[in-house]
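Protein chains in written order, with this note's numbering: chain A, 16 to 340; chain B, 28 to 358.
Here you go:
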């Protein structure tokens with residue numbers, strides 16, 4: 016096992032896939048110079064500018080052309096630079112890519128990985144900070160992946176490239192430099208949650224960088240004698256309902272923590288699923304997400320929207336109170 | 028058989044294709060209006076048959092095309108089976124998309140027809156991408172992208188054509204200009220002209236009469252050859268006219284009275300070709316036989332579609348996705 020960053024882990028998976036399959040290629044703005052977050056550094060030297068392709072600032076064309084190229088037999092990895100900019104290609108993703116296989120009665124496939132860096136990152140304000148994963152989970156036809164560790168960014172990128180469905184691949188900008196061990200032989204199954212830490216008292220469900228915050232919160236809770244189980248969903252469609260239901264059956268307490276706006280966020284789906292199919296809870300389920308406001312530039316204003324480890328700890332402590340039933 | 032410069036054999040082949048397209052559309056309208064069997068909107072290309080016929084005759088079966096909401100003619104000309112197409116319009120099992128797409132998503136990947144599209148202009152970037160894929164895979168196919176005049180006012184027109192120019196892609200863009208953006212005169216909503224936009228993006232661009240199939244086919248042959256030889260994009264602006272409304276249920280009352288009738292009387296592409304063939308010595312009766320054969324073929328297609336079963340209910344869950352398939356989701 017090697018230690019590498021979150022950014023390099025995905026790059027390794029891409030390089031391995033490109034060596035193994037000449038149909039795999041990457042396209043997006045500035046890729047020839049390594050990409051805006053340097054997540055493609057060195058790839059153009061190995062694979063050349065046709066397969067690590069620069070692109071005009073034309074999100075609709077990047078998405079649409081990659082889709083056309085996918086339909087005739089290539090396997091594109093599309094770089095959207097920021098998830099926010101991918102909204103310029105919403106028709107191409109939602110109306111075309113997600114629907115083509117179905118509308119054409121199975122005549123075509125769109126084996127694509129669409130990389131959309133998400134999340135709050137260094138005062139990037141309202142148009143460079145969003146977490147819009149629930150939009151895509153709501154769109155049939157798409158697979159939605161939100162890795163939060165180097166290991167998962169390696170394993171899920173590998174699985175996403177191998178997948179014949181279009182995969183919306185949401186990497187968190189705040190953790191490009193996060194280091195961790197990566198086992199390249201580890202199983203890579205989309206739809207399988209990762210138990211970040213096992214526990215008996217309360218289940219904390221999360222994904223993306225928020226799962227790192229949840230894991231930190233679990234450490235703080237352990238110091239207080241509370242055993243929290245943190246489940247990192249890793250992928251939101253499909254998502255590992257079984258892992259969540261089994262955990263809740265054990266703990267009978269549930270918190271869902273995510274960076275996206277709480278209203279109509281994916282946390283609502285998790286809580287609703289547990290309400291419909293899970294064991295009765297000993298405390299009311301809680302969602303921790305951003306208030307329904309906008310990400311601001313000033314750091315103190317930006318912080319108003321963050322879900323912190325302290326907030327998760329407070330929510331967990333409150334859930335442990337016997338009267339909170 | 029050839030009289031003077033006019034190759035009547037080729038002319039009759041073109042007449043056959045145009046009559047087939049028109050007969051398909053007329054039967055689609057019967058199915059929609061008279062029989063109520065086409066449940067969604069369909070957009071007929073009556074009056075525009077020469078564009079699909081002239082351009083696609085220069086293509087190989089393994090070349091690609093993308094089309095629009097008004098896509099029956101392109102699909103038929105590329106070689107799709109009219110029975111499967113009619114079944115698709117009626118939403119039946121056996122339709123080329125299994126009854127899931129209907130008219131606006133008609134496609135036949137077996138003949139390189141990569142799909143009609145319900146979103147105006149959306150097929151332009153997709154077509155550029157198909158050509159991009161061909162280039163990456165080292166193929167020698169080309170792609171033809173058909174779109175309407177209204178599509179030139181959406182962003183994908185700029186982005187897709189620029190893309191094709193930047194990456195030197197083997198694609199022919201064909202603006203099938205029927206003068207109307209749904210129910211609005213396109214010239215009222217367009218600054219400058221479409222061909223000028225393509226030229227500004229660096230594309231070899233030709234304007235042509237979209238109702239003169241003979242001249243248009245010669246122009247298209249030259250452009251297709253150029254695209255295939257040079258691997259670079261070109262642009263054809265074919266000026267035609269939509270004899271029907273935007274949809275089959277649009278009476279098109281927004282058009283000046285008599286406009287469509289005047290075009291039908293003077294510029295109908297089928298009539299023009301028949302006139303040319305007649306001048307070259309082809310008997311009217313011979314041409315009538317082709318028309319009647321086309322009509323009989325489409326009558327049989329509609330009969331077959333009418334008799335076809337609905338798709339199985341469960342097929343609504345097929346071909347959504349492999350990973351996270353609704354079939355496999357317990358709840």
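Note that the Cβ used here is the ideal one computed from N, Cα and C, for glycine as well.
Secondary structure of residue 140 of chain A (DSSP, three-state): coil. Cβ atoms of residue 163 of chain B and residue 111 of chain A stay farther apart than 8 Å, at about 19 Å. The beta carbon of residue 98 of chain B sits no closer than 8 Å to any beta carbon of chain A. Of the candidates B:209, B:207, B:186 and B:243, B:186 places its Cα closest to the Cα of residue 227 of chain B.
DSSP places residue 120 of chain B in the coil class of the three-state scheme, outside both helix and strand. Under the criterion of beta carbons closer than 8 Å, residue 230 of chain B and residue 237 of chain B do not qualify as touching, at roughly 18 Å.
Within the DSSP secondary-structure output, residue 140 of chain B pairs in a beta bridge with B:92 and B:135. For residue 225 of chain B, the closest Cβ of chain A is not nearer than 8 Å. Residue 139 of chain B is not a Cβ neighbour of residue 204 of chain B, given a cutoff of 8 Å. Using a CB distance below 7 Å, the part of the stretch 181-207 of chain B facing chain A consists of 182, 183, 186, 187, 189, 190 and 193, ordered along the chain. For residue 89 of chain B, no CB of chain A lies under 8 Å from its own CB, so it is not counted at the interface with that chain.
Residue 192 of chain B and residue 313 of chain A have their C-alpha atoms spaced approximately 42 Å apart. When C-beta atoms of the stretch 223-233 of chain A are compared with those of the stretch 319-327 of chain B, fewer than three pairs fall below 8 Å, so the two segments do not count as touching. Unbroken beta strand (DSSP E) stretches of 3 residues or longer found wholly inside the stretch 65-128 of chain A: 90-94, given in chain order. Residue 153 of chain B belongs to the set of residues whose beta carbon lies under 8 Å from a beta carbon in chain A. Here the alpha carbon of residue 173 of chain B sits roughly 5 Å from the alpha carbon of residue 94 of chain B. For residue 62 of chain B, there is no enclosing beta strand (DSSP E), as DSSP gives it neither H nor E. The stretch 249-298 of chain B is shown to contain whole beta strand (DSSP E) runs of 3 or more residues at 261-266, in chain order. Within a 10 Å sphere around the beta-carbon of residue 305 of chain B sit fewer than 16 other beta-carbons, which makes this residue exposed.
Contact annotation: the stretch 160-179 of chain A touches the stretch 204-213 of chain A, with at least three C-beta pairs closer than 8 Å. For residue 183 of chain A against residue 157 of chain A, the beta-carbon gap comes to about 5 Å, under 8 Å, which counts as contact. For residue 302 of chain B, the secondary structure class from DSSP, reduced to helix, strand or coil, is helix. Only residues of its own chain outside the window of five on either side were considered, and among them 178, 181, 183 and 184 have a CB closer than 6 Å to the CB of residue 148 of chain B, listed in chain order. Between residue 52 of chain A and residue 191 of chain A, the C-beta gap is smaller than 8 Å, which places the two residues in contact. Residue 121 of chain B has a beta carbon lying at 8 Å or more from every beta carbon in chain A. With respect to the 8 Å criterion, residue 327 of chain A and residue 232 of chain A are classified as neighbours on the basis of their beta carbons.
Considering only beta carbons, the part of the stretch 344-356 of chain B lying closer than 9 Å to chain A consists of 345, 346, 347, 348, 349, 350, 351, 352, 353, 355 and 356, in chain order. The C-beta of residue 213 of chain B has 16 or more other C-beta atoms within 10 Å across all chains shown, which makes the residue buried. Residue 216 of chain A carries a coil assignment under DSSP once its states are collapsed to helix, strand and coil. Separation of residue 317 of chain A and residue 137 of chain A (C-alpha to C-alpha, rounded to the nearest whole angstrom) is 9 Å. If you draw a straight line from the Cα of residue 87 of chain A to the Cα of residue 180 of chain A, it is about 15 Å long. Within the stretch 247-291 of chain A, the complete beta strand (DSSP E) runs of at least 3 residues fall at 250-252 and 269-276.
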